[in-house]
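Numbered according to our numbering, the sequence shown spans residues 27 to 165. Even glycine gets a Cβ: it sits at the ideal position worked out from N, Cα and C. Small disclaimer: the values here were computed from a predicted structure and weren't measured.
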Amino acid sequence: MATNRTFTMLKPDAIENDHMGKIIDMIIGAGFSIKALKLTQLTDAQAKEFYAVHAERPFYGELVEYMTSGPIVAAILEKDNAVEDFRTLIGATNPADAAEGTIRKLYAESIGRNAVHGSDSDENAALEGAFHFSAAEVF
Ligand code: IDP
Ligand code: MG
C-alpha cells in the first residue's frame, strides 16, 4: 500500500462558491502532486456508502444530502506523509476551530459545509481512492 498518498474531495460548497481553483492551487503549493482528478457528482447510494462510518451520527442524513447536492472534485494526492500533512493543510472539521491559513479556515462555511475532505489514515486513503477511481485513472 502506498503510504505517501491521500484522498480528497472538494465538497459541493467549495465548487458552488468558485473556490475550486484556489484550493487546488493551495494543495499543489503545499507540495502535493495530483495523481488522479475528476469533477463528478455523488449518487445517494455512493454518499451513503462513503460515509457509512457515520451512519449512526445525528448529522448523517444532512451530510448525505449535502454531499449529493452538487458536483465535487475527487482527487488522489501524493507527498511524503500525505495523510497527516493534508489534514494539517485542511484544518479542523469545524472552521471556527481551524487554524489560520488552513483551507477550511479560508473557505469552509460551517462544520457541515466544510469545503474539503481529507482521509484520516493510509488505509482509508487507499480505500477511498479506489472507491472513486479505476486503476486506469490513477497515475
Ligand atoms: P473530518 O471530515 O474532519 O474527518 P468527520 O468527523 O469525519 O470530520 O465528519 C465527516 C464530515 O461530516 C465532516 O467533514 C462534515 O462535513 C460532517 N460533519 C461532521 N460533524 C458534523 C456536525 O456536527 N454537523 C454537521 N455535519 C458534520
Ligand atoms: Mg473523517
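Taking 8 Å as the upper bound for CB-CB distance, Ala-100 and Thr-66 are in contact here, some 6 Å apart. DSSP places Ala-62 within a strand segment (E or B) once states are collapsed to three. Under DSSP, Thr-32 shares a beta bridge with Leu-103.
In this structure the stretch 37-51 does not touch the stretch 80-90; the number of beta carbon pairs closer than 8 Å is below three. Counting along the chain, the unbroken beta strand (DSSP E) around Gly-144 starts and ends at 142-144. Here Ile-98 carries a strand assignment [DSSP, helix/strand/coil]. In its chain, beyond the 5 residues on either side, Lys-105 have a beta carbon closer than 7 Å to the beta carbon of Gly-57. In this structure, the C-beta of Glu-88 approaches the ligand IDP to less than 7 Å from one of its heavy atoms. At a cut-off of 7 Å, the beta-carbon of His-158 does not count as near the ligand IDP: no heavy atom of the ligand is closer than that. As summarised for the stretch 106-155, the continuous alpha helix (DSSP H) elements at least 4 residues long and confined to that stretch are 108-116 and 129-133, given in chain order.
In terms of side-chain proximity, the C-beta atom of Thr-128 is found no nearer than 7 Å to any non-hydrogen atom of the ligand IDP.
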